[in-house]
Structure formats: structure tokens, C-alpha cells
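Beneath this line is the structure, given in C-alpha cells, with notes to follow.
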Amino acid sequence: MPFITVQNQLYNALIEGLGQSSHTFQILQPAAPMTPESGDRFLWSFLNNIPPFSLDQNYTQSGGNQLFSDYKGVLSALRPATKVDIKQEIGQENFENFVRYLQSLRPIPPANQFPDIFFNWAMVYAPDVAQQGASAYAAIILDPIGGAQQSLMPYMQRPPAPPDWVRGYDALVQDLSQAPRRAFEMRSTSTSSDVSRTWSSGRRSVLFGLWRSSESTERLSEHFSQSELTVRASFGHLLSFQANAGAWYSSSALGTAYTKKGDPPWRSGSAITWDNTFGTSGNIQRVAINLLVADTMDISVTARTSFGTHDQQTVRGNAGLGLWPFYNGSGEYGIKTTTQFSESGGTTITTTSSPGVPVLIGVNVLPIGRFLGYTSAVRER
Numbered sequence: 010m011p012f013i014t015v016q017n018q019l020y021n022a023l024i025e026g027l028g029q030s031s032h033t034f035q036i037l038q039p040a041a042p043m044t045p046e047s048g049d050r051f052l053w054s055f056l057n058n059i060p061p062f063s064l065d066q067n068y069t070q071s072g073g074n075q076l077f078s079d080y081k082g083v084l085s086a087l088r089p090a091t092k093v094d095i096k097q098e099i100g101q102e103n104f105e106n107f108v109r110y111l112q113s114l115r116p117i118p119p120a121n122q123f124p125d126i127f128f129n130w131a132m133v134y135a136p137d138v139a140q141q142g143a144s145a146y147a148a149i150i151l152d153p154i155g156g157a158q159q160s161l162m163p164y165m166q167r168p169p170a171p172p173d174w175v176r177g178y179d180a181l182v183q184d185l186s187q188a189p190r191r192a193f194e195m196r197s198t199s200t201s202s203d204v205s206r207t208w209s210s211g212r213r214s215v216l217f218g219l220w221r222s223s224e225s226t227e228r229l230s231e232h233f234s235q236s237e238l239t240v241r242a243s244f245g246h247l248l249s250f251q252a253n254a255g256a257w258y259s260s261s262a263l264g265t266a267y268t269k270k271g272d273p274p275w276r277s278g279s280a281i282t283w284d285n286t287f288g289t290s291g292n293i294q295r296v297a298i299n300l301l302v303a304d305t306m307d308i309s310v311t312a313r314t315s316f317g318t319h320d321q322q323t324v325r326g327n328a329g330l331g332l333w334p335f336y337n338g339s340g341e342y343g344i345k346t347t348t349q350f351s352e353s354g355g356t357t358i359t360t361t362s363s364p365g366v367p368v369l370i371g372v373n374v375l376p377i378g379r380f381l382g383y384t385s386a387v388r389e390r
């Protein structure tokens, strides 16, 4: 059978065995081990990445749109209802100094705290504008767009603060240690390969073959997929990890932009529009709502495939890149992948990961309208 058939079977077995939904789930290939060194930034990069319209995602190749940068673009194209110019009210230098102070706070506070924070800061560093600045910020935050634009300032002033989420690596490790054990099994002879009713209708953006970066139509990949295959996978802990975006993000502002297509709130003449943001070719069509993370992986793939001596050497030589189904090679943090070829003609691929090492194996995806709590019927044309 074609390699895509066993990949579809893997998807169906995974969502059934791990309690995921075919209406939202996307496999991450290669799976991504998380380390203390990579920390929050690496974890948050998967929440920041806008997933492709596909049942699988190769994060390293997907590149493309990032929620934070696209969100900044949207807010730059929106017209706030308030006419308050905070820089004029408090002065350019005070504004820049206050934003630098906001950048120093952890976590960076949301805009609804700016009036009090500014007043306390200004009483020390700029007492002559303390009251009028606090009043100006109080007026700005009454408007969701104006407040959202001010919330972005600490993330835009140079050097900008990086986009953050409320929960990070330490919270992930703690939650994962309490998560339940899960397992799934796939058999090529009995597991369904029908993915036509999934959220992407079976569409795929990237499909590797037997090893990472190989083609699914490559000779050894096709040879591997022709035989009877069985996948048995268990995970010591399996967690759906969710974290809200930091102070830079306002669902109210983005929701206003989504439901109202014209001016206001969109500035007439802006290069960034509703259509190239939320439309059929827009850059914010989907959002990753949570991450599926596992530890203590024990994955065994057995195939009745018989490889010749030269082909065995080729497979072993590429094992370091990572082999199907999660494409993790030996040497990655806490990961070990081995291959065995029996004399009777068969292949076994085993992948294991260390206890306590989070490994990201998938994401759950929602269309932007559902993420914001709207349907197309509520948009104002």
C-alpha cells in the first residue's frame, strides 16, 4: 500500500487510542523533545506557530506565519475609537522610559493595569505628569483596540520583549508528571485509513517516508509500507497542555477585527485588510489551542518487510535522522531509536524516551472564528 495509507492509519489509531478528536488534531513530525535549556521560548514557539491546513505538521519546515507577528500587523491596521495621544500627554521621553519599565516586569502586565502602574512609576520619575498620564491610560483602555495597542508597546520598543504565554516549561513538567498513562495500537491489516471526515479532509502538507526528510515515494519507503505493519505505542504520561497568550494578546481586539470588515475599525487604505488576514488566503486562519505532550515513550514498529544487506545499511545509516512514526533519532535529548532485522525477514523499529522528558507529539487546531467564539454569520460585511 502507499506510504500515505499507513500514515493515515497511524493518525486514526492515534486519535482513538489517545483520546484526541479528528476535528482538531494534528500530528507533529518529527516529535519535539523539550529540555530545560530550550525552556519557555522553544515551548511557546509551537503555540506561536500558525498550523498549516494539514493532518501533520513539520514544524522545522512549516515556517510561514506566526501568531504574534501577524497579530501585530492586524493591530497596526486598526483605528482605535479613542483619540488620546499618550506620547503627547506625557512626553516622548517619559513614554519610552515607562515602556522600558514595563519590559522589566515579569510577567509583563496587561493594559488594564497601566493607569495604576504608571501613576506609581511617575510619582518617582515624572511626578509632573503622573495624574494626567494615569488618566490618559484609563481613557485608552476603555477601548479594546486602543488598550490592545498599548499592551503591545513593551513588545515593540527596542529591544522588544519576546512574545510570552502565561504558563511555560516548568508548569508543563509539573502537569506532565501528574498526567495519566496512555497507549495505542495500529495494524495495517485492520486499522481504517479513511481520513476524509477529518478537519482537513485528509489534506497533508508534508509527508516523510521511512526516515526524516526522505520521500514517501522513495523506493525503501514504498517497500516498507507494502508489508504487514504493527505499531504498539505507550506513554508513561500524556498531557494536553494549554497556556493563554501573555499581555500582548487581546481576544477582544482581535474579535472586533474579525467581526467588522470595514472602516471602522480597519483603516481605509491599509495594506493589511480583513481579507488578507482572515479570508480564504489570509495569514490568520487557524490557531494552535493546546499541545499534546508525552514522556516515557515506548514505541515498537514491526514489519514483515525483508531488506537486503545493502538496504539494511541504508536504513541504519538514516536512523540517526529519526525513523517513522515520530522521526526521533538517537542522540536527541532523552531519545533512543534502534533497528533490528531478523534472519527470517522482518524489521523492528524501536523508539524510547526518558521519564520526565516532555516530547511534543501533536497540536490541536481551531479555525480562527471558532477560536474567537464566532461563526461567519456574525461578521459585519
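Numbering (the numbering used here) for the sequence shown: 10 to 390. No residue lacks a Cβ here, since even glycine has one placed at the ideal position from N, Cα and C.
Just the C-alpha distance for residue i and residue j, rounded to the nearest angstrom, thanks.
{"i": "Ala40", "j": "Gly354", "result": "29 angstroms"}
{"i": "Leu332", "j": "Pro172", "result": "33 angstroms"}
{"i": "Val15", "j": "Gln29", "result": "18 angstroms"}
{"i": "Gln97", "j": "Asn292", "result": "34 angstroms"}
{"i": "Thr226", "j": "Gln235", "result": "12 angstroms"}
{"i": "Leu87", "j": "Gly155", "result": "9 angstroms"}
{"i": "Gln70", "j": "Leu369", "result": "Legend: pLDDT at Gln70 = 48, less than 50; position of this residue unreliable, value from coordinates given subsequently. Whole-angstrom Cα-Cα distance: 16 angstroms."}
{"i": "Tyr195", "j": "Ser243", "result": "The sequence given here places Met at residue 195; Tyr does not occur at that position. Using only the alpha carbons, I get a separation of about 12 angstroms."}
{"i": "Ala135", "j": "Leu111", "result": "15 angstroms"}
{"i": "Asn106", "j": "Trp220", "result": "52 angstroms"}
{"i": "Phe193", "j": "Gln251", "result": "23 angstroms"}
{"i": "Thr61", "j": "Glu352", "result": "Note that residue 61 is Pro in the sequence shown, not Thr. Distance between the alpha carbons of Pro61 and Glu352 is about 42 angstroms."}
{"i": "Glu341", "j": "Val83", "result": "38 angstroms"}
{"i": "Tyr267", "j": "Phe316", "result": "54 angstroms"}
{"i": "Pro189", "j": "Ala328", "result": "30 angstroms"}
{"i": "Ala143", "j": "Ile95", "result": "10 angstroms"}
{"i": "Tyr146", "j": "Ala180", "result": "33 angstroms"}
{"i": "Pro153", "j": "Arg276", "result": "16 angstroms"}
{"i": "Pro364", "j": "Ile344", "result": "10 angstroms"}
{"i": "Leu64", "j": "Lys270", "result": "30 angstroms"}
{"i": "Tyr383", "j": "Pro367", "result": "33 angstroms"}
{"i": "Thr286", "j": "Leu161", "result": "19 angstroms"}
{"i": "Phe127", "j": "Ala139", "result": "7 angstroms"}
{"i": "Leu247", "j": "Gln321", "result": "33 angstroms"}
{"i": "Glu25", "j": "Gly218", "result": "23 angstroms"}
{"i": "Arg390", "j": "Asp272", "result": "Note that Arg390 scores a pLDDT of 44, beneath 50, so its modelled location is shaky; the value from the coordinates is reported in the next line. So the two alpha carbons sit approximately 11 angstroms from each other."}
{"i": "Val182", "j": "Ala90", "result": "43 angstroms"}
{"i": "Leu151", "j": "Met165", "result": "22 angstroms"}
{"i": "Asn121", "j": "Pro45", "result": "33 angstroms"}
{"i": "Phe380", "j": "Thr323", "result": "45 angstroms"}
{"i": "Phe12", "j": "Ser339", "result": "23 angstroms"}
{"i": "Gln18", "j": "Ser197", "result": "7 angstroms"}
{"i": "Leu37", "j": "Arg212", "result": "14 angstroms"}
{"i": "Val133", "j": "Gln141", "result": "15 angstroms"}
{"i": "Glu102", "j": "Leu114", "result": "19 angstroms"}
{"i": "Ser362", "j": "Leu76", "result": "30 angstroms"}
Have a look at the DSSP bridge pairing and note the partners of residue i.
{"i": "Met165", "result": "Met165 pairs with nothing; no bridge assigned."}
{"i": "Asn58", "result": "Gln75"}
{"i": "His246", "result": "Asp304"}
{"i": "Asn373", "result": "Phe34 and Asn299"}
{"i": "Val240", "result": "Met195 and Val310"}
{"i": "Pro45", "result": "Answer by DSSP bridge pairing: none, since Pro45 is not bridged."}
{"i": "Ser351", "result": "Gly355"}
{"i": "Glu224", "result": "Phe217"}
{"i": "Ala254", "result": "Trp174"}
{"i": "Ser362", "result": "Ile344"}
{"i": "Glu368", "result": "It should be pointed out that residue 368 corresponds to Val in this sequence rather than to Glu. Its beta-bridge partners are Pro42 and Ala303."}
Which whole-angstrom value describes the C-beta separation of residue i and residue j, a residue pair presumed to lie in contact below a C-beta threshold of 8 angstroms?
{"i": "Thr348", "j": "Thr360", "result": "With 8 angstroms as the limit, Thr348 and Thr360 do not qualify as a contact, their Cβ atoms being about 10 angstroms apart."}
{"i": "Val310", "j": "Leu375", "result": "That pair is no contact at about 31 angstroms."}
{"i": "Leu263", "j": "Val372", "result": "Actually they do not touch by this definition, with Cβ atoms about 19 angstroms apart."}
{"i": "Leu238", "j": "Ala312", "result": "5 angstroms"}
{"i": "Pro168", "j": "Val240", "result": "So it is not a contact: roughly 46 angstroms between Cβ atoms."}
{"i": "Asn67", "j": "Val215", "result": "4 angstroms"}
{"i": "His232", "j": "Thr314", "result": "6 angstroms"}
{"i": "Asp304", "j": "Leu185", "result": "6 angstroms"}
{"i": "Pro163", "j": "Ala170", "result": "5 angstroms"}
{"i": "Ala148", "j": "Val93", "result": "5 angstroms"}
Subject >> Any 3 or more C-beta pairs closer than 8 angstroms across the region 31-47 and the region 255-274 >> reply: no
Original post:
For the region 264-347, which segments carrying the beta strand (DSSP E) assignment without a break, of at least 3 residues, lie completely within its bounds, in sequence order?
Top reply: 295-312
Original post:
With contact counted as at least three CB pairs below 8 angstroms, one residue from each stretch, are the region 192-204 and the region 271-288 in contact?
Top reply: no
**OP:** May I ask you to verify whether the region 49-61 touches the region 159-174, counting CB pairs closer than 8 angstroms and requiring at least 3?
**Re:** yes
Original post:
Counting only runs that start and end within the region 86-166, where is the beta strand (DSSP E) found for 3 or more residues in a row?
Top reply: none
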